[in-house]
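These protein sequence lines are chains B and W, in that order. Counting from 1 along the first sequence, just add 7 to a position and that's the residue number in my numbering. Counting from 1 along the second sequence, just add 1061 to a position and that's the residue number in my numbering. Reading through the structure tokens given below for one structure.
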Amino acid sequence: MSSNHLFIDPDSPTPTDPPGTGVRGLWQDESPQQKGTHVRFEVNRDVFSEAVSFAVKLLPQRTTLPILGGVLIEAGDDSVTLSAFDYESSARTTIGAAVGEPGRALVSGRLLADIASRLPAAPVEFSVDGGRVSIRCGAGRFTLLPMPVEEYPALPELAAAGGLVPGELLADAIGQVVVAASRDDVTPVITGVQLEVGENSLSLVATDRYRVAIRDIPWDSADSGIVEATALVPARVLAEIGKTFAHAKTVRIAIAEGGDRELIAFSAEDKAVTSLLIKGNYPPVKRLFPQSVEDYAVLSTSDLVDAVRRVSLVLEREAALRFSFSPDGLTLEAAGGEQAQASESIDAVLTGEETVVSLKPQFLIDALGGVHSEFVRLGFTRTDNPNKPGPVLITAQTSGDTGPSSFRYLLQPNLLLR
Amino acid sequence: MSRQDGRDRLVSAEDADDTGATILHADLDAFFASVELLDRPELRGRPVIVGRDSPRSVVTAATYEARRYGVNSAMPMAVALRRCPHAVVVEPHRDRYEHWSARFFEICRTITPLVEPVGIDEGFLDVSGAGRAIGSPRAAAALLRERVRERTGLVASVGVAGSKFVAKLASGRAKPDGLLVVPVAETVAFLRPLPVDALWGVGGRTGERLRGRAISTIGELADTPPATLRAALGDALAQRLHELARGIDPRPVVTERAERSIGRETTFEEDVADPAELRRVLRRLSDDVGARLRRAGCSARTIAIKVRFGDFRTISRSRTLAEPTDVGHAIHEAAVALLDAAGEIPPVRLIGVRAEQLGPRTVSLWEEDAWREAEQAVDQARDRFGRGAVRPARLLPDSGGPRGPRRPA
Chain B
8 MSSNHLFIDP DSPTPTDPPG TGVRGLWQDE SPQQKGTHVR FEVNRDVFSE AVSFAVKLLP
68 QRTTLPILGG VLIEAGDDSV TLSAFDYESS ARTTIGAAVG EPGRALVSGR LLADIASRLP
128 AAPVEFSVDG GRVSIRCGAG RFTLLPMPVE EYPALPELAA AGGLVPGELL ADAIGQVVVA
188 ASRDDVTPVI TGVQLEVGEN SLSLVATDRY RVAIRDIPWD SADSGIVEAT ALVPARVLAE
248 IGKTFAHAKT VRIAIAEGGD RELIAFSAED KAVTSLLIKG NYPPVKRLFP QSVEDYAVLS
308 TSDLVDAVRR VSLVLEREAA LRFSFSPDGL TLEAAGGEQA QASESIDAVL TGEETVVSLK
368 PQFLIDALGG VHSEFVRLGF TRTDNPNKPG PVLITAQTSG DTGPSSFRYL LQPNLLLR
Chain W
1062 MSRQDGRDRL VSAEDADDTG ATILHADLDA FFASVELLDR PELRGRPVIV GRDSPRSVVT
1122 AATYEARRYG VNSAMPMAVA LRRCPHAVVV EPHRDRYEHW SARFFEICRT ITPLVEPVGI
1182 DEGFLDVSGA GRAIGSPRAA AALLRERVRE RTGLVASVGV AGSKFVAKLA SGRAKPDGLL
1242 VVPVAETVAF LRPLPVDALW GVGGRTGERL RGRAISTIGE LADTPPATLR AALGDALAQR
1302 LHELARGIDP RPVVTERAER SIGRETTFEE DVADPAELRR VLRRLSDDVG ARLRRAGCSA
1362 RTIAIKVRFG DFRTISRSRT LAEPTDVGHA IHEAAVALLD AAGEIPPVRL IGVRAEQLGP
1422 RTVSLWEEDA WREAEQAVDQ ARDRFGRGAV RPARLLPDSG GPRGPRRPA
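Here's what the structure looks like:
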């Protein structure tokens, strides 16, 4: 991190005297007072540590612009805001603090996070003076060079109005679909999760061409007036958003359309995350789902997960498992080349015709991890093309017909090759 | 199976139970002789022997008409002609056999992609996932026989069973021009009366050793206590034969997936210096490689070219693709980029394209790649109408007529 710049903020009030009494040590130990901003606050150790770790989570692992590796710390009257921004996404959180001197500072995010996570259980004193950042906690004391805050880009503004979703359901839905998003940057649109706001519902859709995962959750348009909108959010950012807001009662989602920087913002309580939207047309994957499926099998979700995990031990990388469904149940077979083979049979209730499909085990495990139900239904769609087996529709098996399942996962089988 | 003359032919009734009998063994009847008859239809119905008519040569193949006189493959020609003096002897044409063999396997792959060629004129098909368009195993076998007859004029006999080994025995019994389904429940009954030599892995010595212990049929083998078999044959072979005798054969139908690379190259009659001509040839080679990848159910992560110059100096270049492909167009793009990167080159004597780092192709839910769709359509047209049916415009011979401006591909 190139943090050997001296920190000077021209907008800040000019310091006058050395810091007031009651604050011991650090300043007196430093070299003669430099012209610079003084920031000073005291904060609860756990609150501080949690806030720092939230802010840095979205920071890029590696960046060509070192300044984007910083965390912006802004001390106000009785609170401190920590922010991180990399032009694509931003994270911002505000925590209560006893502020001695308001002001702004920029410090290395990784370093601050490492320090914050290991501080002893004692109040944290944070201060900037004379071109040094100082963190004191109990008997521990750290001194770091700040980064040039005047070069830090302005963070995007949050739109005031947004629709509301329950935090727990949002986290759930994100967890169910992000696994299906592509990780291959060759096709950027499918590295995102498509959010589709409809009347009273929010759909999350992800695909990597080989599978599509969809989850619908309730949407309260509240004061936003958003009743129909789509937003393509990078899956990596959305995954962090899911974890961040899992315990929030409600999450406000605002979509800022128009202009050349389309933006989505998620906020709850004292935290907010924004992300630029991915541009481009999302493939119309919803219409790949069959209207109805006549042939299907019902299985115990955990039995299937266990069997798939066991049998795939002998598989070579990228290889698929063969699933044979018959009135007697399901037989899984893995041919691991010359070295090893494995097979296992488990109970399955088959309705309709016998079927053999070849599926990538991880793709199936991802689906089974999403159904959140004791029993799972695998539906087999029909096809006339010998070069393209019909996709398998995976949903939770619930008692009775409760309408379309809120989670649906469509998986394209491989050709039946050993 | 060449010794069979069709006298103990067995075909199954329409209503034979084919549940679970998902393995087909398709075998072309009297293949070499039948191919010769395609070119000389006037010989149909007569005893025909394929081979060179010289005292030291042997019979390559014989029609069923000739086999009835006791003519077999590998028999000295002199003996064959003594047994059947009025037989017509025709010279073998290897290139014709290869051509028709390729057509035969193309037709097999219209039934299921899961085809395992065995030799030039027979192969296994696993129709367990063939889908509704094809229907039951019996229907698949009938359709295969019909397509082979329609599109080649050759005759395939097909055995249908629950395992490869039984399917192969069944096709042998069905010859000529037959279809035999061995229902899974009747497998053991079907096997029992057959001689032990019919089991895979039982050759001359093993057969003798078994007969020395009064085991001459598969039924007798199945009834022999395993300990006795182990003493006679050793643990591994005893175990395997005992399973085979009870119709158990776990070997799956395997396609060309085991291949590590797929390549095509061509040598010019005269060295070629024209870059446009080299690109055109790369296009043809790339399309071939793509078609073979698709047939094998593979996609390649790396594309390599090989260029040999007039002075026999040879260069090889390769590049790894962002995404594995089985599309001729993408292979061609990579190959041309490699050729261009080689810079100024002397006239070329040989050029080749190779697809490497093969893996099983993952089928996507939707095709974004229009080229792939187009090439799949070409595959299908070629399966039906033969290799020359469809080709890229730039590979068509010059018509000599006026041309519009060329559009980029």
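Glycine is no exception: its CB is placed at the ideal position from the N, C-alpha and C atoms. These figures come from a predicted structure and were not determined experimentally.
Per-residue DSSP class, three states only, for residue i
{"i": "W/Y1130", "result": "coil"}
{"i": "B/C144", "result": "strand"}
{"i": "W/E1211", "result": "helix"}
{"i": "B/I372", "result": "helix"}
{"i": "B/Q298", "result": "coil"}
{"i": "W/K1367", "result": "strand"}
{"i": "B/F273", "result": "strand"}
{"i": "B/Q404", "result": "coil"}
{"i": "B/A349", "result": "strand"}
{"i": "W/A1297", "result": "helix"}
{"i": "B/L72", "result": "coil"}
{"i": "B/F55", "result": "helix"}
{"i": "B/S38", "result": "With a pLDDT of 38 at B/S38, under the threshold of 50, the modelled position of that residue is not reliable, and no figure is offered here."}
CA-to-CA distance, residue j to residue i, given in whole angstroms
{"i": "W/E1434", "j": "B/V312", "result": "35 Å"}
{"i": "B/R329", "j": "B/L366", "result": "7 Å"}
{"i": "W/I1366", "j": "B/A62", "result": "50 Å"}
{"i": "B/F149", "j": "B/L371", "result": "49 Å"}
{"i": "B/V383", "j": "B/P420", "result": "17 Å"}
{"i": "B/L375", "j": "W/D1090", "result": "49 Å"}
{"i": "W/V1096", "j": "W/E1103", "result": "13 Å"}
{"i": "W/L1142", "j": "W/V1151", "result": "13 Å"}
{"i": "B/L418", "j": "B/E360", "result": "19 Å"}
{"i": "W/F1370", "j": "W/V1333", "result": "9 Å"}
{"i": "B/N207", "j": "B/A272", "result": "19 Å"}
{"i": "W/E1417", "j": "W/L1186", "result": "26 Å"}
{"i": "W/E1177", "j": "W/G1184", "result": "5 Å"}
Short CB-CB distance (under 9 Å) between residue i and chain B
{"i": "W/P1313", "result": "yes"}
{"i": "W/W1432", "result": "no"}
{"i": "W/W1161", "result": "no"}
{"i": "W/V1219", "result": "no"}
{"i": "W/T1248", "result": "no"}
{"i": "W/A1435", "result": "no"}
{"i": "W/E1384", "result": "yes"}
{"i": "W/P1408", "result": "no"}
{"i": "W/G1389", "result": "no"}
{"i": "W/L1426", "result": "yes"}
{"i": "W/L1241", "result": "no"}
{"i": "W/G1420", "result": "yes"}
Residue i vs residue j beta-carbon contact at 9 Å
{"i": "W/V1188", "j": "W/I1084", "result": "yes"}
{"i": "W/L1205", "j": "W/C1169", "result": "yes"}
{"i": "B/V422", "j": "B/L400", "result": "For clarity, residue 422 of chain B is Leu in the given sequence; the question names Val instead. Taking 9 Å as the Cβ cut-off, B/L422 and B/L400 do not qualify as a contacting pair."}
{"i": "W/P1421", "j": "W/G1358", "result": "yes"}
{"i": "W/A1148", "j": "W/R1107", "result": "yes"}
{"i": "B/A242", "j": "B/E269", "result": "no"}
{"i": "W/A1123", "j": "W/A1087", "result": "no"}
{"i": "W/I1523", "j": "W/R1344", "result": "Because chain W is modelled from 1062 through 1470, residue 1523 of chain W falls outside the range shown and cannot be assessed."}
Any C-beta of chain W under 9 Å from that of residue i
{"i": "B/K256", "result": "no"}
{"i": "B/T101", "result": "no"}
{"i": "B/K367", "result": "yes"}
{"i": "B/L339", "result": "no"}
{"i": "B/L295", "result": "yes"}
{"i": "B/S423", "result": "A small fix is needed here, since residue 423 of chain B is Leu in this sequence, not Ser. By this cut-off, B/L423 is an interface position."}
Integer Cβ distance of residue i from residue j, believed to fall under 8 Å
{"i": "B/G169", "j": "B/I285", "result": "About 20 Å separates the two Cβ atoms, so there is no contact after all."}
{"i": "W/W1261", "j": "W/L1305", "result": "7 Å"}
{"i": "W/S1218", "j": "W/K1236", "result": "4 Å"}
{"i": "B/S134", "j": "B/R47", "result": "4 Å"}
{"i": "B/A98", "j": "B/V280", "result": "5 Å"}
{"i": "B/G174", "j": "B/T257", "result": "6 Å"}
{"i": "B/L65", "j": "B/V244", "result": "6 Å"}
{"i": "W/G1351", "j": "W/E1436", "result": "6 Å"}
{"i": "B/L131", "j": "B/R52", "result": "The question names Leu, but residue 131 of chain B in the sequence shown is Val. Going by Cβ atoms, the distance from B/V131 to B/R52 rounds to 5 Å, so yes, they are a contact pair."}
{"i": "B/Q404", "j": "B/V305", "result": "5 Å"}
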